[in-house]
Amino acid sequence: EIGSGLVGSEMCIRDRDTNMGNYFQPEIECASQDQIRAWQDERLVKQVRHVYDNVEMYRKRMDEKGLKPEDIKGVENLHKLPFITKDDLRDEYPYGLLAMPLSDCVRIQSTSGTTGRRVVAFYTQHDIDLWEECCARAIVAAGGTKDDVVHVSYGFGLFTGGAGLNGGSHRLGSLTLPMSSGNTDRQIQFMTDLGSTILCCTPSYAAYLAETIIERGLRDKIKLKAGIFGAEAWTEEMRHDIEKKLGIKAYDIYGLTEISGPGVSFECEEQAGMHVNEDHFIAEVINPVTGEVLPDGEKGELVFTSITKEAFPLLRYRTRDIGILSHKKCSCGRTHVKMTKPLGRSDDMLIIKGVNVFPSQIETVLLNKGYPANYQIIVTRVNNSDNLEVRVEMTPEMFSDSISEISGREKQLVSALKAMLGIYADVKLVAPKTIARSEGKAVRVIDKRNLYQA
Ligand code: DLL
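Take 30 as the starting number for the sequence shown in the working numbering and just add one per residue.
The structure is reproduced here in structure tokens:
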């Protein structure tokens with residue numbers, strides 16, 4: 030059987046009982062780098078065999094390169110394997126990359142977006158167990174124990190945020206509040222009535238909750254001590270603001286649906302970079318243009334290989350997130366490699382209100398509705414809440430319509446965009462030829478949030 034599975038959780042229970050430090054699985058989280066490498070070597074070899082035997086796309090790609098599973102003897106041969114991209118996921122949607130019989134899968138999770146852009150990931154029970162372990166490690170690194178009340182305000186459902194942190198908290202044995210997102214009144218009421226101590230949600234929702242708690246004069250009534258915030262980019266300023274307002278320590282957590290969900294990496298008490306759970310995921314940084322693997326300290330695109338996933342294992346998956354890896358010793362005692370928080374994207378994906386949005390989705394809606402491809406997408410953050418505005422030029426014929434016809438058209442576009450993206454966009458129809466033309470690449474997206482300044 031692939032992966033560390035139950036062995037790890039048994040160790041953690043023993044460890045928690047003797048109060049031996051801030052780790053969920055100390056033998057794994059603080060293993061020597063040689064030991065980590067040995068696990069990775071062994072698991073990679075098994076994983077390559079597993080996908081070669083069970084996934085046609087991998088078999089074809091490897092055959093094309095004249096590569097056989099036995100050519101991959103360990104991490105030193107990883108670079109020989111081809112990359113996997115989001116386009117491959119689209120081409121193989123929905124079942125093409127499944128490496129286990131569907132009858133062995135117990136769950137799917139998915140990203141937002143329409144078919145083609147949507148990622149559907151499958152999990153066996155074993156996959157879920159390991160994913161929850163990763164999330165439990167993150168909660169413990171934020172100071173969590175089984176005596177905590179973990180308030181999970183990430184969305185539940187297809188999104189991985191709610192399920193991941195909820196599972197991690199259960200695994201740790203903490204009292205878990207599966208709040209899901211929204212309904213701020215109820216969130217704050219539970220937080221005060223039940224004494225929530227650890228808040229898990231997106232940083233923008235944390236900032237909004239913080240503001241509301243202060244406005245209502247409830248700061249003294251909350252018992253929060255830490256927050257685990259991720260799924261979107263956030264700045265150090267935002268961290269300090271949330272920490273100050275709520276009187277907590279705010280920790281970053283990173284992950285993506287393709288590679289399991291939250292808990293691919295997480296921050297420790299140093300609050301400077303996130304430890305990748307290297308016993309489950311091999312991290313690489315590559316030059317996004319040439320594909321060349323870059324050394325520690327160099328900025329490039331993050332690539333992950335899941336070495337313990339059974340149902341939906343991705344080898345060398347290009348995340349499009351830009352980051353830097355570092356093997357420098359961390360004062361927390363963990364030995365797993367650290368990544369910076371994402372410093373940008375190598376594609377044009379935007380994350381708005383926690384939802385992944387591609388400009389091409391917006392363009393598709395506009396063109397389908399008969400608008401010219403002269404538009405601008407403006408993203409702002411007001412009071413820590415994202416705002417999406419789409420400015421679209423009318424054709425000269427539309428422009429001669431009455432004001433009420435134009436406002437009817439705007440409403441139609443709002444609902445078509447909502448159906449495509451799942452979020453509200455403020456649509457403004459503007460006169461023909463009023464959106465600036467560019468001599469080079471059109472500037473379609475103006476993101477005023479300045480999120481990637483780390
Ligand atoms: O956002 C998983 C997640 C849930 C992570 C809860 C953390 C907490 P997706 O919806 O598939 O999965 O979006 C993945 O979100 O490629 C990054 O671009 C971005 N992202 C995730 N975590 C962070 C973070 C979840 N801490 C995409 N900082 C990723 C910046 C993040 N961006």
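Beta carbons: idealized from backbone N, C-alpha and C, even for Gly. Keep in mind the model is a prediction, meaning the values are calculated, not measured.
Counting along the chain, where does the beta strand (DSSP E) carrying residue i start and finish?
i	result
Thr221	Premise fails: Thr221 lies in the alpha helix (DSSP H), 213–223, not in any beta strand (DSSP E).
Asp476	474–476
Thr463	Segment: none, Thr463 is in no beta strand (DSSP E) and carries neither H nor E.
Val386	384–386
Asp350	346–352
Leu96	Segment: none, Leu96 is in no beta strand (DSSP E) and carries neither H nor E.
Ile113	Segment: none, Ile113 is in no beta strand (DSSP E) and carries neither H nor E.
Pro207	204–207
Leu379	379–381
Where does the unbroken alpha helix (DSSP H) through residue i begin, and where does it stop?
i	result
Asn195	189–201
Ile80	Position check: residue 80 holds Val in this sequence, whereas Ile was assumed. Run containing Val80: 62–83, per the alpha helix (DSSP H) assignment.
Ala235	232–244
Glu58	55–58
Helix, strand or coil for residue i per DSSP?
i	result
Cys163	helix
Lys250	helix
His180	strand
Cys41	For Cys41, the predicted model reports a pLDDT of 45, less than 50, meaning its position is unreliable; a value from the coordinates is still stated below. Of the three classes helix, strand and coil, the one that applies to Cys41 here is helix, per DSSP.
His16	The question about residue 16 has no answer, for the chain in this structure spans 30 to 483.
Arg374	strand
Gly326	coil
Val135	strand
Met368	strand
Ile452	coil
Thr393	helix
Val148	coil
Ser355	strand
Tyr87	helix
Gly34	Interpretation of Gly34 is limited by its pLDDT of 41, a score under 50 that renders its predicted location unreliable; the figure taken from the coordinates is listed afterwards. Gly34: helix per DSSP, three-state reduction.
Lys440	helix
Asp46	Unreliable positioning characterises Asp46 in this predicted model, as indicated by a pLDDT of 46, which lies under 50. A coordinate reading is not provided.
Asn51	coil
Leu118	helix
Lys175	coil
Ala128	coil
Arg363	coil
Candidates the options: which alpha carbon is nearest residue i's?
i	options	result
Ile101	Ala465, Asn83, Ile475, Val77	Val77
Gly256	Thr264, Glu265, Glu244, Lys278	Lys278
Glu330	Thr348, Ser182, Arg166, Leu187	Thr348
Lys370	Cys297, Ile381, Leu395	Cys297
Leu372	Tyr481, Ile315, Lys462, Lys273	Tyr481
Asp70	Arg147, Phe310, Asp270	Phe310
Thr153	Ala167, Cys359, Ala128	Ala128
Cys163	Ala60, Pro291, Leu223	Pro291
Leu118	Val394, Thr364, Pro342, Arg410	Pro342
Ile15	Val459, Asp455, Leu417	Outside the displayed range of the chain (30 to 483) lies residue 15, so it cannot be described from this structure.
Val366	Gly202, Leu247, Pro324, Trp160	Pro324
Val135	His155, Ile113, Tyr122, Pro123	His155
Leu354	Asp133, Glu307, Leu126	Glu307
Gln138	Ser198, Asp176, Phe185	Phe185
Asn412	Lys109, Pro232, Lys250, Met427	Pro232
Met423	Ile407, Ala448, Ser444, Leu395	Leu395
Thr189	Gly259, Gln218, Pro401	Gly259
Val169	Val181, Ser203, Val421	Ser203
Ser209	Thr226, Val179, Arg268	Val179
Lys358	Ile381, Ile407, Leu344, Met303	Met303
Thr393	Ser61, Arg466, Gly172, Lys447	Lys447
Asp63	Leu275, Ser289, Thr364, Gln405	Thr364
Glu93	Asp82, Leu110, Glu99, Val80	Leu110
Arg245	Leu275, Glu265, Glu266, Cys230	Leu275
Which residues share a DSSP beta bridge with residue i?
i	result
Ser335	Phe310
Leu228	His180, Gly256
Ile435	Looking at the DSSP assignment, Ile435 forms no beta bridge with any residue, so it has no partner.
Ile315	Val322, Glu330
Original post:
In chain order, which continuous runs of the beta strand (DSSP E) of length 3 or greater are located wholly inside the stretch 403–433?
Top reply: Counting whole runs of 3 or more residues, the stretch 403–433 contains the beta strand (DSSP E) stretches 404–411, 414–422.
Original post:
Can you give, in chain order, each stretch of the beta strand (DSSP E) that sits fully within the stretch 274–312 and has at least 3 residues?
Top reply: Annotation note: the stretch 274–312 contains the following uninterrupted beta strand (DSSP E) runs of length 3 or greater, listed N- to C-terminal: 278–285, 290–296, 303–305.
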